[in-house]
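Enquirer: I'd like to ask you about the structure that follows.
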Amino acid sequence: MLGAAGGVTGQAFLLETRRARVLVDFGAFQGSRAVERLNVLPRGLAPGKLDAVVATHAHYDHVGRLPMLVRQGWRGPVHATRATAQLAELVLRDAARLHAQDLARENRRRARAGEPPLEPRFDETDVEILRPLFRRLEYDEPREVAPGVTVRLVDAGHILGSASVEASLEEAGERRVVVFSGDLGPRGAPILRDPTPFRRADVVLLESTYGDRDHRPLADTLAEAGDIVREVVARRGKILIPTFAIGRAQLLLWWFAAAFRARLVPPFPIYLDSPMAIQATRIHAENLELFDDEARELVRSGRLRRDLRTVRPCATARQSRALNDAPGPCAILAGSGMCTGGRILHHLKHNLWRPDCAVVIAGYQAEGTLGRQLVDGATSVSVFGERIAVRASVHTLGGFSAHAGQGELLAWLGALAPAKPRVVLVHGEDGARAALARRVQQRFRLPVEVPLIGEAIAL
Ligand SMILES: [Zn+2]
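Given below as structure tokens:
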């Protein structure tokens, strides 16, 4: 356990046998400055002795420390699906850019204080070196990634290309199967397939992000979203949606397509105002074979393209600024997802004070973020140091999660339960882990462990 044992970021697990050392994920810690200081190579993880990495999916909290390994001279390989490799490059380039900006600011402060400058954890060159170190691994294709360590990926239904990992370890004539759930998606969500369960394991590491609750049914959320959109269209306002570029942006486009197709509202312009979301959407289009049957059929028939004919990608800053003068009704999808930076801030500044506009929050907003202030009903907020009145309506939609709820986690584990594995709960806040641990013990009568960072599990 090198991360994500008692929190939800910095996921990293080291599989160690006498002959091999393999990392499953090597994510970054995200949050406060104190949390981000955890982004180091853990002591004892000598890059020279690391045989391979298996990446479950491209979220920053699962791949964010890979460029740091590269910076220490490690040269792969990283086994992952093709979509994960493509999306990871996008995520890591963006992270390198943001890190460079942060560091420049911090180093100017240090210079004024007479302190020596800090070195970057990694930069774009490291990401560039990392890119060819990815080895494409298909779902259900077993591969020996190190002596005596064979892995197999299956679809985790969380984001495009996401995987759960089955690792078979052989040592001294004995075999152990360790299953890593990775982040598991909900069932029945559009575009992606449902998570594939496993049938056997000696040990299973199960995520527990929503181990203490179920989500609202997606259908309820969509009905509510329909009401909001109809209302704002009637008053010819703008709908601002702070959007995570990978997964959420595509899901929102999908929803707008469905709403137009069902004639819920007449088609109006949707501005995809995020270079990263535009690229992530392109990567989705390049990996149609990962879509579920319904989504593939809508693409194949050309129907989706027709439904989305009012979508306008805004790649440049000039196109983004031009949206200030765009008439309503329209929707603007822009990052960052929690309003902590990015183009959404400009749109909030120009529109929050307008009563005909609406802000739709369709993702998790962490404590201390501008997005959270809006969710909590602030009547005015500070944007770029300016006080802006909140007269737009603010709506929170809870059902768009990319994570399985408690019931879905239990169902996924149910397929494995007859094999009587040891269950290790990871990737959740303590409360969520404890709640899921109780349910697993009650329902399956299996032993449950809730390890801490740095803890080893003997197989
Ligand atoms: Zn994830």
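Remember, this note's numbering sits 1275 above the position in the sequence shown when you count from 1.
Virtual Cβ for every residue (Gly too), placed ideally from N, Cα, C.
Should Ser1595 go down as buried or exposed, given a rule of 16 or more other Cβ atoms within 10 Å for buried?
Expert: By the 10 Å Cβ count, Ser1595 comes out buried.
Enquirer: If you measure from the CB of His1559, is any heavy atom of ligand 1 nearer than 7 Å?
Expert: Result no, Cβ not under 7 Å from ligand 1.
Enquirer: DSSP three-state label for Tyr1335, please.
Expert: Of the three classes helix, strand and coil, the one that applies to Tyr1335 here is helix, per DSSP.
Enquirer: Under three-state DSSP, which class holds Ile1728?
Expert: Coil, per DSSP.
Enquirer: How is the beta strand (DSSP E) around Ala1327 delimited, first residue to last?
Expert: It spans Ala1327 to Val1329 - the beta strand (DSSP E) in which Ala1327 sits, taken as one unbroken run.
Enquirer: From Leu1367 to Ala1637, what does the alpha carbon distance come to, in whole angstroms?
Expert: Each residue's alpha carbon lies about 24 Å from the other.
Enquirer: Using CA atoms only, rank isn't needed, just tell me which of Phe1519, Gln1347, Gly1512 and Val1440 is closest to Ala1752.
Expert: Outside the displayed span of the chain (1276 to 1734) sits residue 1752, for which this structure offers no information.
Enquirer: With DSSP as the reference, label Phe1455 as helix, strand or coil.
Expert: Of the three classes helix, strand and coil, the one that applies to Phe1455 here is strand, per DSSP.
Enquirer: Can you find a heavy atom of ligand 1 that lies under 7 Å from the Cβ of Ile1434?
Expert: It does: the Cβ of Ile1434 is within 7 Å (strictly closer) of some heavy atom of ligand 1.
Enquirer: Mind checking Ile1480: buried by the 16 CB within 10 Å criterion, or exposed?
Expert: The residue asked about is misnamed: residue 1480 is Leu in this sequence, not Ile. Answer is buried; the Cβ neighbour count reaches 16.
Enquirer: Where does the unbroken alpha helix (DSSP H) through Leu1504 begin, and where does it stop?
Expert: The sequence shown places Val at residue 1504, not Leu. Here the alpha helix (DSSP H) through Val1504 covers Leu1493 to Ala1509.
Enquirer: Quick check on DSSP: helix, strand or coil for Gly1281?
Expert: Only weak support is given to the placement of Gly1281: the predicted model assigns it a pLDDT of 48, under 50, and the question is left unresolved by the model.
Enquirer: What are the partner residues of Ser1443, as DSSP defines its beta bridges?
Expert: Answer is Thr1425 and Val1452, bridged to Ser1443.
Enquirer: Excluding five sequence neighbours on each side, which residues of the same chain lie with their C-beta closer than 6 Å to the C-beta of Ala1379?
Expert: Cβ neighbours of Ala1379 beyond the five flanking positions: none.
Enquirer: Give the straight-line distance between the Cα atoms of Leu1527 and Ala1447, rounded to the nearest whole angstrom.
Expert: Looking at the two C-alpha atoms, the distance is approximately 51 Å.
Enquirer: Out of Glu1730, Leu1289, Gly1285 and Leu1563, point me to the one whose CA is closest to Arg1312's CA.
Expert: Checking every option, the nearest Cα to that of Arg1312 belongs to Gly1285.
Enquirer: Would you check whether ligand 1 has a heavy atom nearer than 7 Å to the C-beta of His1334?
Expert: Under cutoff, so the answer is yes.
Enquirer: DSSP three-state label for Asp1398, please.
Expert: Three-state DSSP puts Asp1398 in coil, outside helix and strand.
Enquirer: For Glu1419, count neighbouring Cβ atoms within 10 angstroms of its own Cβ and tell me buried if that reaches 16, exposed if not.
Expert: It counts as exposed.
Enquirer: Figure out for me which residue from Asp1489, Arg1536 and Ile1404 has the closest Cα to the Cα of Gly1682.
Expert: Nearest of Asp1489, Arg1536 and Ile1404 to Gly1682, Cα basis: Asp1489.
Enquirer: Quick one: is Ile1732 buried, meaning 16 or more other Cβ sit within 10 Å of its Cβ, or exposed?
Expert: Under this definition Ile1732 is an exposed residue.
Enquirer: Are there 16 or more other CB atoms within 10 angstroms of the CB of Pro1470, so buried, or fewer, so exposed?
Expert: It is buried - the Cβ of Pro1470 has at least 16 other Cβ atoms within 10 Å.
Enquirer: So what does DSSP say about Asp1377, is it helix, strand or coil?
Expert: Reduced to three states, the DSSP call for Asp1377 is helix.
Enquirer: Would you check if the region 1655-1665 and the region 1444-1462 touch, i.e. whether three or more CB-CB distances between them fall below 8 Å?
Expert: With the cut-off at 8 Å, the region 1444-1462 and the region 1655-1665 do not touch.
Enquirer: Specify whether the region 1548-1565 and the region 1646-1654 touch according to this definition: at least 3 beta carbon pairs, one from each stretch, less than 8 Å apart.
Expert: Cβ pair count under 8 Å is below three, so no.
Enquirer: Residues in the same chain with beta-carbon distance under 7 Å from Leu1563, minus the five sequence neighbours each way, listed in chain order, please.
Expert: Result list for Leu1563: Arg1571 and Val1574, in chain order.
Enquirer: Ile1514 and Val1507 - do their beta-carbons sit closer together than 8 Å?
Expert: Contact flag set, yes.
Enquirer: Between Arg1384, Glu1390 and Asp1377, which lies nearest to Phe1397 when the distance is taken from Cα to Cα?
Expert: Ranking the options by Cα distance to Phe1397, first place goes to Asp1377.
Enquirer: Measuring straight from C-alpha to C-alpha, what distance separates Tyr1485 and Gly1389?
Expert: Looking at the two C-alpha atoms, the distance is approximately 46 Å.
Enquirer: Given this structure, state the Cα-to-Cα distance separating His1332 from His1670, to the nearest angstrom.
Expert: About 30 Å.
Enquirer: Look at the Cβ atom of Ile1607, then the Cβ atom of Gln1525, and state whether they are nearer than 8 Å.
Expert: Not in contact: Ile1607 and Gln1525 (Cβ atoms no closer than 8 Å).
Enquirer: Using 10 angstroms around the beta-carbon of Asp1300, count the other beta-carbons present and answer buried if the total reaches 16, otherwise exposed.
Expert: Answer is buried; the Cβ neighbour count reaches 16.
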